[in-house]
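Trainee:
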Amino acid sequence: MSASDIVFLAASIVAVGASALVVTRRNPIYSTLFMMAALAALAVIFVALEAAFLGAIQILLYAGAIMVLFVFVIMLLNPGTQELSLPRAPAWQRGSAFVMAAALLVVLASAFYRGDIKDAPAFSDPTLAVPAPPPRPVPTLEAAPGEPPPPPPAEFGTTERFADSMYRDHLVAFEAISLVILAAIAGVVVLAKRRLGDIPASARGGVGAGAGGSMVGAGSPPSEADLVAGGAPAEIAEAGLPRGARDVQLAAARLRYGHGGPSAASVGETHKS
Amino acid sequence: MFNLTNCLILSAVLFAIGAYGVLARRNLLVVLMSVELMLNAANLTLLSFSRWFAGGGAPGGSTALAAWPSATWVTRAPDAGHIFVLISMAIAACEVAVGLALLIALFRVRQTVSTAEVAELRG
Chain A
2 MSASDIVFLA ASIVAVGASA LVVTRRNPIY STLFMMAALA ALAVIFVALE AAFLGAIQIL
62 LYAGAIMVLF VFVIMLLNPG TQELSLPRAP AWQRGSAFVM AAALLVVLAS AFYRGDIKDA
122 PAFSDPTLAV PAPPPRPVPT LEAAPGEPPP PPPAEFGTTE RFADSMYRDH LVAFEAISLV
182 ILAAIAGVVV LAKRRLGDIP ASARGGVGAG AGGSMVGAGS PPSEADLVAG GAPAEIAEAG
242 LPRGARDVQL AAARLRYGHG GPSAASVGET HKS
Chain B
225 MFNLTNCLIL SAVLFAIGAY GVLARRNLLV VLMSVELMLN AANLTLLSFS RWFAGGGAPG
285 GSTALAAWPS ATWVTRAPDA GHIFVLISMA IAACEVAVGL ALLIALFRVR QTVSTAEVAE
345 LRG
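So the protein lines, in turn, are chains A and B.
Note that the working numbering has the first sequence beginning at 2, numbered continuously upward.
Note that the working numbering has the second sequence beginning at 225, numbered continuously upward.
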């Protein structure tokens with residue numbers, strides 16, 4: 002058993018175990034943490050597969066950006082424990098899901114055990130050594146026919162080789178991806194805006210649940226007259242909060258909108274955005 | 225141990241675990257994470273085959289690749305699998321961003337992240 006075998010075995014065990022924990026933990030915070038572990042183990046396997054650049058991107062993009070986005074959303078929603086850790090699905094649903102996933106695994110594994118890849122040699126086998134890539138012509142107009150060919154690109158999987166391939170052969174795909182990301186940004190901004198149209202209060206579930214107090218308070222800001230007169234703003238009053246929580250919210254609203262604060266119109270603008 | 229078959233088996237196991245999470249879990253956050261897991265399994269498959277073909281495929285030359293007439297892309301762009309994986313990661317980031325924005329909008333309206341309570345379109 003060579004070193005790469007040991008690395009692969011350890012990373013596989015970590016990845017499979019952490020993935021199993023991701024889909025079985027009830028609290029999504031724990032799922033997020035185990036997902037990070039699984040992604041890190043997969044990054045190790047990527048590096049072992051001569052894709053060091055993508056391993057680094059895996060850590061940066063997945064564990065560093067996407068999973069942190071999950072954590073941010075969990076903190077932003079700030080749900081109560083019973084809203085976050087939902088009850089499990091009924092046993093027959095979980096059982097049938099397990100059966101279907103197992104059937105999928107059997108189909109995939111049997112497909113992989115057929116054909117020419119059945120008795121694959123290890124990647125460390127010398128016959129599978131990555132050859133040096135052939136030199137490629139420079140696709141510029143200035144390339145005179147008599148010039149010597151450019152130096153061959155660097156080794157397989159390095160950042161240099163990757164960039165060469167991406168910006169020379171796959172430039173259109175790269176630009177298309179930037180368009181997709183731009184569209185996603187626009188969609189996210191629209192979807193996650195503070196006010197999603199004018200949803201009537203009767204259509205909102207669980208308004209008086211108490212735990213949703215911060216969400217309910219997202220209506221129109223209290224006018225200055227209300228605050229000066231000392232009366233509780235309507236949103237805070239009808240949220241049904243206990244006395245102490247209402248006082249805290251009222252004090253916060255006074256601090257925000259009280260003496261010397263911006264005018265009511267500008268407050269409404271900043272609050273909305 | 226560390227060969228193409230085992231890498232593919234590992235990706236199949238991860239994909240099946242992700243499929244189980246999508247099917248069995250009710251928490252939308254965990255469902256999104258399971259989708260990410262399945263995408264990562266597909267990425268692992270792409271990278272395994274990329275490594276395999278970069279090394280020339282099976283020794284002896286009697287591979288399916290050699291019998292494949294349109295296999296010149298492997299010699300022309302041996303690391304196309306890496307590009308696929310990078311693009312798939314970018315798409316995954318977009319998908320997560322949009323999915324989480326939908327989740328926020330849903331939670332704002334319904335105060336829940338459970339798929340069981342959002343069943344208006346159920347047939």
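We put the beta carbon where it would ideally sit given N, CA and C, even for glycine.
On a predicted model such as this, the values are computed, not experimentally measured, just so you know.
Measuring alpha carbon to alpha carbon, tell me which of A:F54, A:S111, A:I67 ends up nearest L256 (chain B).
Mentor: Measuring from the Cα of L256 (chain B), the nearest candidate turns out to be A:I67.
Trainee: Residues of the segment 311-336 of chain B with a CB closer than 9 Å to any CB of chain A: list them in chain order, please.
Mentor: Per Cβ criterion, the list reads I311, M313, A314, I315, A316, A317, C318, E319, V320, A321, V322, L324, A325, L326, L327, I328, A329, F331, R332, V333, R334, Q335, T336.
Trainee: Out of A:L183, A:E176, A:D165, A:P122, point me to the one whose CA is closest to L228 (chain B)'s CA.
Mentor: When only C-alpha atoms are compared, the closest one is A:P122.
Trainee: Could you tell me which residues DSSP pairs with N227 (chain B) in its beta bridges?
Mentor: Per DSSP, A:A123.
Trainee: Could you give the DSSP three-state label for N251 (chain B): helix, strand or coil?
Mentor: Of the three classes helix, strand and coil, the one that applies to N251 (chain B) here is strand, per DSSP.
Trainee: Three or more beta-carbon pairs under 8 Å between the segment 23-32 of chain A and the segment 56-63 of chain A, yes or no?
Mentor: Short answer: they don't touch.
Trainee: Helix, strand or coil for S86 (chain A) per DSSP?
Mentor: Reduced to three states, the DSSP call for S86 (chain A) is coil.
Trainee: Of the residues B:G347, B:S312, B:I328, B:A304, which one's Cα is nearest the Cα of D170 (chain A)?
Mentor: Per the Cα distances, B:A304.
Trainee: Are the CB atoms of A52 (chain A) and V8 (chain A) nearer to each other than 7 Å?
Mentor: Against a cut-off of 7 Å, the Cβ pair of V8 (chain A) and A52 (chain A) comes out as no contact.
Trainee: Quick one: what's S338 (chain B) bridged to in DSSP?
Mentor: The partner list for S338 (chain B) (beta bridge, DSSP) reads B:N251.
Trainee: Taking only the alpha-carbon atoms, compute the straight-line gap between Q1 (chain A) and G245 (chain B) and give it to the nearest angstrom.
Mentor: Since the first residue shown for chain A is 2 and the last is 274, residue 1 (chain A) is missing from the structure and cannot be characterised.
Trainee: Could you check which residue in B:I307, B:L261, B:G242, B:C318 has the C-alpha nearest to that of V190 (chain A)?
Mentor: When only C-alpha atoms are compared, the closest one is B:C318.
Trainee: Looking at the unbroken alpha helix (DSSP H) that takes in Y31 (chain A), where does it start and where does it end?
Mentor: That run of the alpha helix (DSSP H) goes 29-49.
Trainee: What is the rounded straight-line gap between the Cα of S179 (chain A) and the Cα of N264 (chain B)?
Mentor: Cα-Cα distance, rounded: 21 Å.
Trainee: Assign Y63 (chain A) to buried or exposed, taking buried as 16 or more other Cβ atoms, counted over all protein chains shown, within 10 Å of its Cβ.
Mentor: Classification of Y63 (chain A): buried, given that the 10 Å Cβ count is 16 or more.
Trainee: Any beta-carbon of chain A closer than 7 Å to the one on A266 (chain B)?
Mentor: By this cut-off, A266 (chain B) is not an interface position.
Trainee: Look at F54 (chain A) and T160 (chain A) and say whether their C-beta atoms are less than 7 Å apart.
Mentor: It is a contact, given that the beta carbons lie within the stated cut-off.
Trainee: For A52 (chain A), does the three-state DSSP call read helix, strand or coil?
Mentor: It is coil, neither helix nor strand.
Trainee: Using a C-beta to C-beta distance shorter than 8 Å, which residues of chain A count as neighbours of G245 (chain B)?
Mentor: Under the 8 Å cutoff, chain A gives V23, V24.
Trainee: With distances taken between CB atoms, is the gap from V254 (chain B) to P29 (chain A) smaller than 7 Å?
Mentor: Against a cut-off of 7 Å, the Cβ pair of P29 (chain A) and V254 (chain B) comes out as a contact.
Trainee: Are the C-beta of S111 (chain A) and some C-beta of chain B separated by less than 7 Å?
Mentor: Taking Cβ atoms only, chain B never reaches closer than 7 Å to S111 (chain A), which makes this a no.
Trainee: Taking the alpha-carbon positions, what's the A12 (chain A) to E344 (chain B) distance?
Mentor: Going by the C-alpha atoms only, they are around 42 Å apart.
Trainee: To the nearest whole angstrom, what separates the beta carbons of V259 (chain B) and L106 (chain A), a pair I think is in contact under 8 Å?
Mentor: Going by Cβ atoms, the distance from V259 (chain B) to L106 (chain A) rounds to 17 Å, so no, they are not a contact pair.
Trainee: Quick check: is the beta carbon of V342 (chain B) nearer than 7 Å to any beta carbon in chain C?
Mentor: Among the chains of the structure shown, chain C does not appear; the protein chains present are A and B.
Trainee: Report back the beta-carbon spacing between V15 (chain A) and A44 (chain A) to the nearest angstrom; my notes put them in contact at under 8 Å.
Mentor: About 11 Å; that fails the 8 Å criterion.
Trainee: Quick check: what's the CA-CA separation for M101 (chain A) versus G18 (chain A)?
Mentor: Their backbone Cα atoms lie some 20 Å apart in a straight line.
Trainee: Beta-carbon of V259 (chain B) versus every beta-carbon of chain A: anything under 7 Å?
Mentor: Chain A, which has no Cβ nearer than 7 Å to the Cβ of V259 (chain B), makes this no.
Trainee: Closer than 9 Å between beta carbons: that is the criterion. Which residues of the segment 61-95 of chain A meet it against chain B?
Mentor: Here the close residues are L62, Y63, A66, I67, M68, L70, F71, F73, V74, I75, L77, L78, P80, E84, L85, S86, L87, P88, R89, A90, Q94, R95.
Trainee: Since V17 (chain A) meets chain B, which of its residues come closer than 9 Å, beta carbon to beta carbon?
Mentor: Simply L234, V237, L238, I241.
Trainee: Measure from the C-beta of L50 (chain A) to each C-beta in chain B and report whether the shortest distance is under 7 Å.
Mentor: Taking Cβ atoms only, chain B reaches closer than 7 Å to L50 (chain A), which makes this a yes.
Trainee: To the nearest angstrom, report how far apart S5 (chain A) and L192 (chain A) are at their CA atoms.
Mentor: Roughly 45 Å between the two C-alpha positions.
Trainee: Return helix, strand or coil for Y114 (chain A), following the three-state DSSP convention.
Mentor: Correct three-state label for Y114 (chain A): coil.
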